[in-house]
Every structure is written in C-alpha cells, then in structure tokens.
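Engineer:
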Amino acid sequence: MGWPLWKIPNNFFGWMYGLFDKIAHAKNLIFVTGQIPSFWVIILIIIVLLYVETKTLRNKYLWIYMLIFIGCVAMNKFPLFGSVNLVDVGQGDSLVITTPLNRKTFMIDVAGKLRFPMPSWAKHETSNQVDNSTIPFLKHQGISRIDKLFLTHKDVDHVGNLETMLSKFSVKEVNFGIGLENNPRIQAAMKHHPEVKFKNLQQDDVVDTGFIKWRVLWPKTKGIGENGDSLTLLARIKNKKWLFTGDLDSESEKEILKDHQFQADYLKVGHHGSKTATSDQLLSMLKPKVGFISAGVNNRYGHPNKETLKRLQKHQVQYFNTADYGMISWYYYFFNNEEKITTFLKGDLVENSRTKE
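Take 1482 as the starting number for the sequence shown in our numbering and just add one per residue.
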C-alpha cells in the first residue's frame, strides 16, 4: 500500500517546524544583529520600495541596501564605546559591562525572585527578569555571548536566574567567590552545563581582559556565599575605577580596608542601599563621585535605607537608583576621555552628563 499523499505535506511541514524550532532555541546558532536605528530602518524601507518599483537599477539598490545594513550591524558589533549598565530587574542585581571595539561582555549577577510554596490551584506562570529584561537588552545591543559572568553570592535576588541565563544565552565562563562552588545551585549548573567553565576567585586574584582589569578584594578565605562572603571586585575601566561589592556587609568592608587602600570613581552601592553596607569608613577611603543603587520600587525591605542615603550625601556622593530612573547606563569612549550617564526613564542625567579629564 502506498504512502497517503495527504501525509506528505503534513510530515514535511512538521519536520520543517521542528527544525526551525531547534534553530530558534539553539543559543550558539543565532546571529544577533542588534537594533538598527530608526532613521536607517526608514532608509532601508525606502530602498526596498525603490527596488520593487524600478526595473533598471535593481542591482544598485541591492548593493546600497547591503552596505547600509552591514554598516549598521558592524556599528553594533564593534562600537566605539563601552558601558556599565544596571539592568532594571526590580529588587535584585544584574549588571552588564562591555568594552569598545572587540565588544567583550561581562555580567555581575543575574537577579532572581524568591519563590514561596503555594497550593497547586494558586500556581501561575511568573515573570523572569532574565527573559523580560536582561536578554532583550543584550540582543538590543547586538551582544550574542557573555565572556565572564561574575556571581557575588548565593542570594536568590542575585543568582536565582542562573539556570535560565545559562540555558538561553551563550556564557563562556562563570566566576564566583571561593566556597560558592559547594552551593547546590552552582553544583547543579556545573552538572547541567559542561560547556561552561566554572572558576572560583579569592582576594588578590587578578583578571585582565584588556580594556578592563578586575582585581578581587574579597573573599579572603573560603565561605558559603553569605552576604559577608560577597565577591568584591575593583575594576579599572579605561582610566576610571569602579567598585562592585554585591551584598557585602560593613564588617567585611572593614576587613578589606585593613588589607587595601584605594579610591574609586564610581561605586555600586552595596546590598541595594541597606544600612548594613556602605559604611562611613568605606566612603571616606573611596571618595567616589557617583553611587549607583539597584532596588525595586516600593520594595518590602525599604531599600535604599535613609541612613545610607544620608551617608552618601555626607560624603558628597551623587547617587542614582534604578527604582527612580529605570535602567542606568554609564558610557565611556575609545577615542577620548568623555563619559556619559543615561537612564531609561529620564534620559541623560544633566547633573553628570559629560565629564572630561
């Protein structure tokens, strides 16, 4: 008996659908172009219309289209600027740091939400910050791979979305403070993602990535991933210094101050602005110009705490909070010493929009 003819297209299209679905979800097979500016999108549409209408100049319009499209993609893939971005993930942390030209990309934490047990009838699909915020931002920028993902400590609002991130986006290497490799979430990630390199770090380790040099200030000894064990990084980005402290508490800050004396231009304010972090002693030594806070709108913890904000004001540190401004980005440029701070909700920050050496 012959194969029913009606089954041929069904089987063929079923096979094609399965193939395209696999390609769509294969994180290493997707070429991310990044968003093309609206002006150039309009120009490309006009060229397509001219191509359709004309009979004689089609090759010319085709070449012009290809040159503009390739140029736009190249500007996304090899930008003349780098950036530090506080992705607006609500009450949590997720930072994306990039370099100019070769577009190395780093992340610090992946955010996450605390899940509470509930009866089956009450369960529903909950949003995920990686799916809703981080990955869309990365693709918008034309980024297709994370070169290093730093995890500061074990709290869910910092590492809860780790599995989602590793499953849906290409990550070359994951770094964390010594001792965190024994955490069940990290062990599960190491088991499920053998293609990713996992490495622990401790005080005085140095990670030199060209445009950015990372120096590990903490942890000093093996910990279990508590706030006081937070991976603390001093990054030299071009000619500026940034301090990233995770949820480090004031006691661990004091220990760092015993071993290191340094200043920083920019501070990622610790523990979302909690009063247990960002001590007077730390601010006195650092003398930062600007502090950046990642906190959720009307969060249950009252972050940032009023005491912390008063300390920042006392030390003349200008501060910006994602709860007020949405996503916050600091840009630096390859060809000059200019800087620029922009926000999603309020645009350029006039108070510190451009600074020069």
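For every residue, glycine included, the Cβ atom is placed at its ideal position computed from N, Cα and C.
1) Which residues share a DSSP beta bridge with valine 1687?
2) Ordered along the chain, which non-local residues of its own chain (more than five positions away) have a Cβ less than 6 Å from that of methionine 1482?
3) Which one or two residues does DSSP pair with valine 1655 in a beta bridge?
4) Might you give, ordered along the chain, the residues of its own chain that have their beta carbon closer than 7 Å to the beta carbon of tryptophan 1602, omitting 5 neighbours on each side?
5) Using the Cβ count rule (16 or more neighbours within 10 Å means buried), how would you classify proline 1785?
6) Figure out for me which residue from Tyr1812, Pro1581, Leu1582, Asp1612 has the closest Cα to the Cα of isoleucine 1593.
7) Just the C-alpha distance for leucine 1767 and alanine 1745, rounded to the nearest angstrom, thanks.
8) Is DSSP giving tyrosine 1747 helix, strand or coil here?
9) Just the C-alpha distance for leucine 1682 and phenylalanine 1562, rounded to the nearest angstrom, thanks.
10) Just to confirm my understanding: we take threonine 1633, look at its own chain, exclude 5 residues before and 5 after, and list those with CB closer than 6 Å. What are they?
11) So methionine 1547 is in the alpha helix (DSSP H); what residue range does that whole segment cover?
12) Give the single residue among Ile1551, Leu1647, Tyr1813 whose Cα lies nearest to the Cα of serine 1518.
13) State the Cα-Cα distance for the pair valine 1637 and phenylalanine 1816, rounded to the nearest angstrom.
14) Which residue's Cα is closest to the Cα of alanine 1804: Thr1823, Gly1777, Thr1789?
15) Specify the secondary structure class of tyrosine 1800 as computed by DSSP and reduced to three states.
16) Start and end of the beta strand (DSSP E) containing threonine 1789?
17) Return the CA-CA distance between glutamate 1662 and lysine 1635, expressed in angstroms with no decimal places.
18) Can you find the residues in the same chain that come closer than 8 Å, C-beta to C-beta, to phenylalanine 1597, ignoring five residues on each side of it along the sequence?
19) By the DSSP assignment, the beta strand (DSSP E) with lysine 1719 in it spans what residues?
20) Taking only three categories from DSSP, how would you classify leucine 1582?
21) State the Cα-Cα distance for the pair leucine 1790 and histidine 1796, rounded to the nearest angstrom.
22) In the DSSP output, what is serine 1564 paired with across the bridge?
23) With 16 as the cutoff for other CB atoms within 10 Å, does glutamate 1732 come out buried or exposed?
24) For a test of the three-state rule: what should DSSP assign to isoleucine 1774, helix, strand or coil?
25) Under a three-way DSSP split, which group does phenylalanine 1725 fall into?
26) Among all the DSSP beta bridges, which residues are the ones paired with threonine 1713?
27) Look at the alpha carbon of asparagine 1802 and the alpha carbon of isoleucine 1774, and state the distance between them as a whole number of angstroms.
28) Quick test of your reading: leucine 1643 and arginine 1666, contact by CB under 8 Å. State the CB separation rounded to the nearest angstrom.
29) What distance in whole Å lies between the Cβ atoms of glycine 1704 and glycine 1660, which are believed to be in contact at a cut-off of 8 Å?
Structural biologist: According to the structure data:
1) Arg1696
2) Because the pLDDT at methionine 1482 is just 47, under 50, the model does not fix this residue reliably, and the value given afterwards should be weighed accordingly. Within the same chain, methionine 1482 has no close Cβ partners at all.
3) Leu1630, Phe1679
4) The pLDDT assigned to tryptophan 1602 is 44, lower than 50, so where the model puts this residue is not dependable, and the model offers no usable value.
5) buried
6) The question names isoleucine, yet the displayed sequence has glycine at residue 1593. Looking at the Cα atoms, Asp1612 is the closest of the given residues.
7) 5 Å
8) strand
9) 28 Å
10) Asp1590, His1639, Ser1711, Leu1712, Gly1727
11) 1539-1558
12) Looking at the sequence shown, residue 1518 is not serine but proline. If we check each option's Cα against that of proline 1518, Ile1551 comes out closest.
13) 39 Å
14) Gly1777
15) strand
16) Here threonine 1789 belongs to no beta strand (DSSP E); instead the alpha helix (DSSP H) covers 1787-1795.
17) 10 Å
18) With a pLDDT of 49 at phenylalanine 1597, under the threshold of 50, the modelled position of this residue cannot be trusted, and the question is left open.
19) Premise fails: lysine 1719 is in no beta strand (DSSP E) and is neither H nor E.
20) coil
21) 10 Å
22) Thr1579, Tyr1812
23) exposed
24) strand
25) strand
26) Trp1699
27) 5 Å
28) 6 Å
29) 4 Å
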